[in-house]
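The structure appears right after this line, and notes come after that.
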Ligand SMILES: Cc1ncc(COP(=O)(O)O)c(C=O)c1O
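Numbering (the working numbering), first residue to last: 10 to 353.
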């Protein structure tokens, strides 16, 4: 079995709009250029390739994963190419768009679990694991605890950012879910230049910020965020504090404002966690200086969230009436809210 899929080498683009707004130069690593539409294709490739090379995956093995959707899509895409059976335990907050992509890729979907940790028997993670224990001819990808997740970003995303910026990157900012992206990229960039600042982003209420700052994190009750892919109530095995300088917590409302504001100016619909990265960038605005080069990682794109972030009905249903009442016609106009945004 050979994987014949090219992934990575995604564009790193200078953002003229954001660079006008901040003293530093801002670049965007556009991970939605990967074949499955997200940064998680890198992880899927590394885990499956290793499984095949080490003889753990055979032609009749069923591949199993728990995911908020993007890792599942990367895995399902590879399984389709390799002719392998694929079963994904997708958390119940996964968008309709991701579910439809998974269905098109002929993955078997179980979306009854939520995005809790390994100690919660109802989490998609626990459901996936127990399914594999009960069914011997399975291979559990285990993105939260499989070190190949971090390794994929250490071997690919980190070097790409270093080369694309010709070693001038000063800050890297990304959303944190399993921790694989921030840990792998952080490990590589800090190996090249220990002064590069590695900054993670999570929703308010998630526990990784407390964990990083040495405060007790285990007892917190975390109501899962609306932002898919980021925010945790447990410490994933791929979260390596030694490569991370800060975690910034963002409110969902600020992410929505950031997404619409970006759409107004750049005519581009960004993903929800990418909007969280923009909201975090705004928070460190005053710390940025001329001469610095900030790389933002956009893990996926807005077309995965048309029924959520970019749907007025969804915004109303989730309590963001005040934002919606300010939208003018069907355009992505939140100019009235920009004054609110400026005060954040
Ligand atoms: C859209 C999105 N953003 C960010 C992340 C977080 O990346 P990581 O799991 O590498 O921390 C994920 C993870 O699934 C994701 O799907």
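By construction, the Cβ of each residue, glycine as well, lies at the ideal position given by its N, Cα and C atoms.
Remember, predicted model here, so these are calculated numbers, not experimental data.
**Prompt:** Skipping 5 residues on each side, what residues in its chain have a beta carbon closer than 6 Å to that of residue 186?
**Reply:** Here the question's residue 186 lines up with position 177 in the chain shown. The residues are 238 and 239.
- prompt: Is the CB-CB distance between residue 192 and residue 247 below 7 Å?
  reply: In the chain shown, residue 192 corresponds to position 183, counting from 1. In the chain shown, residue 247 corresponds to position 238, counting from 1. Yes.
* Hey, residue 181 and residue 304: beta-carbon distance below 7 Å or not? -> The residue labelled residue 181 in the question sits at position 172 within the chain shown. The residue labelled residue 304 in the question sits at position 295 within the chain shown. Yes; because the gap between Cβ atoms is below 7 Å, this pair is in contact.
Practice item. State the Cα-Cα distance for the pair residue 216 and residue 77, rounded to the nearest angstrom. Key: To locate residue 216, count along the chain shown from 1; it is residue 207. To locate residue 77, count along the chain shown from 1; it is residue 68. Answer to the nearest angstrom: the Cα atoms are 18 Å apart.
(message) Taking its Cβ as the centre, do 16 or more other Cβ atoms sit within 10 Å of residue 15, making it buried, or is it exposed?
(response) Position 6 of the chain shown, counted from the first residue, corresponds to residue 15. Residue 15 comes out exposed.
- Unbroken beta strand (DSSP E) runs of length 3 or more, entirely within the stretch 149-184: which are they? 180-184
Is it buried or exposed, residue 228, if we count other Cβ atoms within 10 angstroms and call 16 or more buried?
Counted from its first residue, the chain shown places residue 228 at position 219. Because the pLDDT of residue 228 is 47, which lies under 50, any placement of that residue in the model is unreliable, and the number read from its coordinates should be weighed accordingly. Answer is exposed; the Cβ neighbour count stays below 16.
(Q) Just verifying my parser: in three-state terms, what is the DSSP assignment at residue 209? (A) Position 200 of the chain shown, counting from 1, holds the residue named residue 209. Residue state, collapsed to three classes: strand.
Q) Looking only at its own chain, which residues have a Cβ that is under 6 Å from the Cβ of residue 28, when we skip the five neighbours before and after it? A) As a working note, residue 28 is residue 19 in the chain shown. Excluding positions up to five away in sequence, the list reads 34 and 35.
Q) Based on Cα-Cα distance, which residue from 174, 189, 209 and 121 lies nearest to residue 202? A) Here residue 202 corresponds to residue number 193 of the chain shown, with the count starting at 1. Nearest option by C-alpha distance: 174.
Checklist entry - Should residue 141 and residue 153 be called a contact, given that it needs their Cβ atoms to be closer than 7 Å? => result Translated into the one-based positions of the chain shown, residue 141 becomes position 132. Translated into the one-based positions of the chain shown, residue 153 becomes position 144. Cβ distance not < 7 Å, so residue 141 and residue 153 don't count as in contact.
Is the beta carbon of residue 293 closer than 7 Å to that of residue 253? Looking up residue 253 in the chain shown gives position 244. Looking up residue 293 in the chain shown gives position 284. Contact: no.
**OP:** Go ahead and label residue 172 buried or exposed: buried means 16 or more other beta carbons lie within 10 angstroms of its beta carbon, across all protein chains shown.
**Re:** Locating residue 172 in the chain shown gives position 163, where the first residue counts as 1. Its Cβ having fewer than 16 others within 10 Å, residue 172 is exposed.
* To do: Please report the Cβ distance between residue 178 and residue 212, rounded to the nearest whole angstrom; I am assuming they are in contact, meaning their Cβ atoms lie under 8 Å.
  => On the chain shown, residue 178 is found 169 positions in, with the first residue counted as 1. On the chain shown, residue 212 is found 203 positions in, with the first residue counted as 1. About 25 Å; that fails the 8 Å criterion.
- Query: Should residue 126 be counted as a contact of ligand 1 given a C-beta to heavy atom distance under 6 Å?
  - Reply: On the chain shown, position 117 is the one that residue 126 refers to. For ligand 1, not one heavy atom lies less than 6 Å from the Cβ of residue 126.
### Query
In or out: residue 92 buried (at least 16 other Cβ within 10 Å) or exposed?
Within the chain shown, the letter at position 83 stands for residue 92. That one is exposed.
message = Counting beta carbon pairs with one atom in the stretch 93-101 and one in the stretch 118-131, are three or more of them shorter than 8 Å?
response = yes
Where does the unbroken beta strand (DSSP E) through residue 98 begin, and where does it stop?
Translated into the one-based positions of the chain shown, residue 98 becomes position 89. Unbroken beta strand (DSSP E) run through residue 98: 94-99.
- Between which two residues does the alpha helix (DSSP H) harbouring residue 115 extend? One-based indexing of the chain shown puts residue 115 at position 106. Counting along the chain, residue 115 falls outside any alpha helix (DSSP H), and DSSP gives it neither H nor E.
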